[in-house]
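Protein chains in written order, with numbering that gives the first Met the number 0: chain V, 0 to 320; chain G, 0 to 320; chain E, 0 to 332; chain A, 0 to 332.
Reviewing the structure listed below.
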Amino acid sequence: MTAMTYAEAARLALQEEMARDPKVWALGEDLGYEGGMAGQYDGLQAEFGSDRIVDTPISESTIMGAAVGAALAGTRPVAEMRFSDFAMCAVSELVNQAAKARYMFGGQARVPLVARMPIGIRGGIAAQHSQSPEAWYVHTPGLVVVTPSTAADNRGLLKSAIRCDDPVVYMEHKGLWGVVGEVDEDDEEPVPLGVAAKVCSGDDITIVSWAAQIGVAALAADALVEDGISAEVIDLRTLYPWDRDAVMNSAARTGRLLVVHEAVRIGGFGGEIASDVAETLGIPVARLGGERIPIPFSVPLEDAYKIKVDRIVARVRELVA
Amino acid sequence: MTAMTYAEAARLALQEEMARDPKVWALGEDLGYEGGMAGQYDGLQAEFGSDRIVDTPISESTIMGAAVGAALAGTRPVAEMRFSDFAMCAVSELVNQAAKARYMFGGQARVPLVARMPIGIRGGIAAQHSQSPEAWYVHTPGLVVVTPSTAADNRGLLKSAIRCDDPVVYMEHKGLWGVVGEVDEDDEEPVPLGVAAKVCSGDDITIVSWAAQIGVAALAADALVEDGISAEVIDLRTLYPWDRDAVMNSAARTGRLLVVHEAVRIGGFGGEIASDVAETLGIPVARLGGERIPIPFSVPLEDAYKIKVDRIVARVRELVA
Amino acid sequence: MSSNLANEPARVAEMFRKMVLIRSFEEAAGEAFHAGHVRGSVHQYIGQESIAVGVCANLREDDYLTSNHRGHGHSIAKGADPRAMMLELFGRVGGTSDGKGGSMHIADFSVGMLGANGVIADGCTMSVGAAQAIRLLGDDKIVVNFIGDGGINRGPFMEALNWAKVYELPVLFICENNQIAATTTTHLVTAGEGIAARAESFGMPATTIDGNDLFEVDRTVARVVAEIRTGGGPQLIQAMTYRLRGHFAHDEAGYRDLAEVEAALGREPIARTEAWLLENGMTADEITTLKAEADSEIIGYVEEAMNAPWPDGKLAFSDVQDVGAPSYPGADQ
Amino acid sequence: MSSNLANEPARVAEMFRKMVLIRSFEEAAGEAFHAGHVRGSVHQYIGQESIAVGVCANLREDDYLTSNHRGHGHSIAKGADPRAMMLELFGRVGGTSDGKGGSMHIADFSVGMLGANGVIADGCTMSVGAAQAIRLLGDDKIVVNFIGDGGINRGPFMEALNWAKVYELPVLFICENNQIAATTTTHLVTAGEGIAARAESFGMPATTIDGNDLFEVDRTVARVVAEIRTGGGPQLIQAMTYRLRGHFAHDEAGYRDLAEVEAALGREPIARTEAWLLENGMTADEITTLKAEADSEIIGYVEEAMNAPWPDGKLAFSDVQDVGAPSYPGADQ
Ligand SMILES: Cc1ncc(C[n+]2csc(CCOP(=O)(O)OP(=O)(O)O)c2C)c(N)n1
Ligand SMILES: Cc1ncc(C[n+]2csc(CCOP(=O)(O)OP(=O)(O)O)c2C)c(N)n1
Ligand SMILES: [Mg+2]
Ligand SMILES: [Mg+2]
């Protein structure tokens, strides 16, 4: 086991996959010298050359569109968008082209690309650099959506995403770049897509979450012990396909479900999970998510947006009461 | 009362608002000669001139971006995107700019624009011309989302959308362009945003829907009479803000909720409504929506996507049983 | 009509045959649309056949082609099977996309035809990526992208021009300038001297030709493709032409100046090529036969399509994705 | 340094004062960032002050300005209040956006400053729309848009160039060419001869100037603004300059060639303007005083900001929208 950051784990994954398969390459702004926003591409241009770690113009439509064309033509591009907010400059290329090419062409095409677009609040980068639009892409047929929450998962899921023959929207959380976790460097097996992880076991309520919100949910579960409430926390890891079996089994056992996400609550993916569980199991469900406001800049305003431990604890108490 | 099509009613609304307020104007491709995809701009360029019905280059980013700038600078633009699919070429302008300008600038700005982007299946225009991404915009703070289902509403809601000081995503349904309805031309009052309409009353189940799916839901309600099941159908009309009171009141009374939408079910806005009702009322909820596939071209394939009367009827029977 | 020592009558006759086949296909598609057999939209290529055929005559089968909404001609010229295309327009089993795509999504990856496209200019950015893939894989293929004179005003196309030149990619952009975009006269919404000047401002060589002159297309593309294939970097060709029909089959094009249409008919590529062939050894009878054969080939496909089975609804659920593939009939939970 | 008969020393001194104020602001913002008082990112305008100041000296207060991520200098030059801006950077009550925006979202609509922008080139398309609004409302305002040499490769900017020229809108695009975009040397990712040639390919007059020469900026913009205001249509000015600091305050710019930085320091606009003022009647003492005043003005704002109250969390829920406004504390149902 090696301790490394979430960003370093992602770098390791890309390096391993690029070494394994010469068809894997990456394109985006400032990947070479800068090594990506968090060093997740550090040294890779020196190792693999500027044809495989391509520094691009500021042309988001073409970063994504070129990745689609390159995938159709037999390679495995990783399109680095820096922020999911900037990826909004390339939605047609992702949703109208990447997600649909295989289907529209009756199965002739495969689009094995990774659209890498970090989400979430990092602190003070406000409305145009902090969004969490994962629900959009979950709603889009053809796409796989991945949201790793730990260093080990960022390595293992990025490897799976690169090997996947479907277009994968890969959403690292910017707030996690520097978080250190244990990674087994010898184990080169990818983490399978679509399989949730149990963060902690419990009997009274199932808390489902992903990305940076997992850490908060785990702290809430700890705090709830004092109330005598035992919460099971499930990290979905992949949002589409989401691990419905894991959630249903847990929720059927605990009898209560709370979904927590940093993304805006209204219209968020929590609605899918909560309504599916309510429809299927008829048990009490609840959701916590950001209020429907843009992410503000100043500390107390940004704080007012965030779903902190106390809010989760309070909501669980209500549900269990 | 005058019988007119959904498209004609929209044309009337725009004409009335342009006559009323010289700050109202529209921009988009082929608005002049063609008069819009369904004649919804017919004759308006002749009446108001080419500075107020502007024929643009094929530049979706700029159609939307220019609308944002023009709204910030004191006018009320209607940005015609032709298809919500093409509006995907202008998501940054809509979501990063229009939706956030007022907030990011601390209330200095207002963005009174209408982003007009028809949704839905018209028949045979397939994956890149048939999408229903309303859930994306409901999830986006700052935006109002409107989905009219009748000629009268298309007139009255478009008027409200144009008068609204918030950016409104106005989603006509392409399958409704030619559908005729009664419109009271003398009544120039807009239909208020955020207020649902009751399509038919019932006691056993509340069916919530919008846009073209309303017609199907109403037929299903008719068919259910034979089963002795009395269904109340609610047309949300505005998806954000949705008329939560109307839905909760009805659902609390009927004790059951079914949300039906043409959009893909997974990650669709039905999840918001169903989970909110389940959380709030703890009654049985269910959703029907398109499968998570791109819209296919051929008749039997497109049919396999659609939510037809029989599926609604069957689902209601299960719920009421 | 300009001529060229390399013009082998047999080669020209073969190109002519393809042009005629495209024309027959498009006429039949339009009729089938009006008869209600084909749904959606059908953007006919009538009047521009010399461009697709002249371009593709200079490509290898493994070269890539990306197209736009007006893709039937490009597809047939690149070698896609018109029978499967007609089945696709009719939405039947055996269509190029098994009925999932329709007119705007014709593709035949087996001949490098990477797809028509319903979103203007998205194909342009895809082209430069396909070219990067070619380089990465060490091939000497090239990519040809077709764009209309309306489409050149979309940002992604302009980004793609810059991108192609920055990396000196093997891409040939063909701008088919038929002077109109749907109902809009493009020079009214296109600032400056047009696409050739724009391409040159990116340092990209641009050549403007009479696209209705098969020989000029053939000759120019032969030269340019050779330059690109041997590492000369991307180029753009602006092929002047005229859209003889409405924007799509349900557009009567009432906005068209009839005198203009009349004049354009006189420059129409099939008659011009035909005239050359008559002067160069083909007989009128041979030409009549060739046209009749094309018509009957296409009519055969139409009849076949009309009688072909519809796809089973289940097929709607295949080929979406591997991970998280939807199941049929789909759980309504 | 080039001179100009119209150069009134008093006017130059006033422009110089603004340049110095911007410099002081940016130095202080950087320090506050490093001290942990300012979060997020701070893109300093150091070394480019002559451009914003020279441009805005030729604008009316009611003219519009749209900016990018590097917007502090543009804002101050257009007349935004540096005190409110500093409060905004610190996220405090009284900030230009009451702490909702931060460095990348400075705006002051009261002086026509329609906002910095965190998304490159989105401001360009907004500019042409603002110009259409001006026309519709019958005003004689103009719109100035600032774009970087990296930003010119985004499609929306190129669309906006075409659009501005098609409608002959009163827009002045200023491309601040500091030769770099974040860590990328822009000529490596910019094909052709650059932005002036591109603008000209859209039929738009383009002028390239030394942006660090206040007088050349002033003179050129005066002429161009007059032309635009009197209906001459859009123009572009490429102002050559140099980014003296990292891309943002947390970038040490280790990729920079030190000799290049050294040379650029010699062309830095404040020293150049200072030299002119010294030759034209200002004393060294006066300049020292002017700089000290600027510094102390800004330091005052920093101190005020440091001690200013934080906004109440409730404020996060205001100014989202009228219809469907969120309520505080927000229903968690
Ligand atoms: C992004 C986008 N915007 C608008 C359309 C609608 N549309 C389809 S074809 C067309 C005109 C295209 O004109 P041009 O590029 O000149 O090609 P032509 O039809 O003349 O071959 C338009 C506006 C579209 N398909 N995609
Ligand atoms: C659409 C978009 N892509 C990428 C970024 C990230 N980014 C911020 S500034 C910048 C470099 C900009 O360079 P340039 O336009 O030359 O302006 P300068 O920083 O030199 O003033 C980049 C890539 C962004 N903000 N928006
Ligand atoms: Mg055209
Ligand atoms: Mg720069």
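We put the beta carbon where it would ideally sit given N, CA and C, even for glycine.
Interface partners of residue i on chain A, CB under 7 Å
i: Val188(E); result: Val165
Environment of residue i [buried if 16+ CB atoms lie within 10 Å]
i: Asn279(A); result: exposed
i: Asp256(E); result: exposed
i: Ala283(E); result: exposed
i: Asn116(E); result: buried
i: Gly289(G); result: buried
i: Thr1(G); result: exposed
i: Met305(E); result: exposed
i: Ser49(G); result: exposed
i: Ala274(A); result: exposed
i: Ser1(A); result: With a pLDDT of 48 at Ser1(A), under the threshold of 50, the modelled position of this residue cannot be trusted, and the question is left open.
Secondary structure of residue i, DSSP reduced to three states
i: Asp244(V); result: helix
i: Ile227(E); result: helix
i: Ser295(E); result: helix
i: Asn131(E); result: The question names Asn, but residue 131(E) in the sequence shown is Gln. Note: Gln131(E) maps to helix in three-state DSSP.
i: Ala330(A); result: Caution is warranted here: a pLDDT of 42 is assigned to Ala330(A), below 50, making its placement in the model unreliable, and the coordinate value is therefore given only provisionally. Three-state result, Ala330(A): coil.
i: Ile161(V); result: helix
i: Glu261(G); result: strand
i: Pro299(V); result: helix
i: Ser107(A); result: For clarity, residue 107(A) is Asp in the given sequence; the question names Ser instead. Asp107(A) falls in the strand class under three-state DSSP.
i: Ala250(V); result: helix
i: Lys22(V); result: coil
i: Pro76(G); result: strand
i: Leu256(G); result: strand
i: Lys99(E); result: coil
i: Met3(V); result: strand
i: Lys305(V); result: coil
i: Glu26(E); result: helix
Neighbouring residues, chain V, relative to residue i (Cβ below 9 Å)
i: Thr183(A); result: Glu28, Asp29, Gly31, Tyr32, Glu33, Asp54, Thr55, Pro56, Ile57
Chain-ordered neighbours of residue i on chain G, where CB pairs are closer than 7 Å
i: Tyr63(A); result: Ala72
Per-residue contacts from residue i into chain G (C-beta, under 8 Å)
i: Pro310(E); result: Ser297, Pro299, Leu300
i: Val127(A); result: Thr61, Gly64, Ala65, Gly68
Those residues which DSSP pairs with residue i across a bridge
i: Cys174(E); result: Ile146(E), Gln237(E)
i: Tyr169(V); result: Arg115(V), Val145(V)
i: Val52(A); result: DSSP lists no partner for Val52(A).
i: Ser208(V); result: Asp234(V)
Nearest-angstrom beta carbon gap, residue j and residue i [assumed within contact, 8 Å]
i: Tyr32(V); j: Tyr254(A); result: 5 Å
i: Phe172(E); j: Ile146(E); result: 6 Å
i: Pro56(G); j: Asn152(E); result: 4 Å
i: Gly266(V); j: His138(G); result: 3 Å
i: Ala250(G); j: Val224(G); result: With a Cβ gap of about 20 Å, Ala250(G) and Val224(G) do not count as contacting.
i: Ile75(A); j: Phe24(A); result: 6 Å
Contacts that residue i makes with chain V (C-beta to C-beta distance below 7 Å)
i: Val92(E); result: Residues of chain V passing the Cβ test: none, with the nearest at roughly 11 Å.
i: Glu158(E); result: Ser58, Ser60, Thr61
i: Cys88(G); result: Ser91
Per-residue contacts from residue i into chain A (C-beta, under 8 Å)
i: Gly64(V); result: Near Gly64(V) there are no residues of chain A at all, since even the closest Cβ is about 10 Å away, more than 8 Å.
Residue i: contacting residues in chain E (beta-carbon distance under 9 Å)
i: Ala196(A); result: Glu199, Ser200, Phe201, Gly202
Residues that residue i contacts on chain V, provided the C-beta gap is smaller than 8 Å
i: Asn152(A); result: Pro56, Ile57, Ser58
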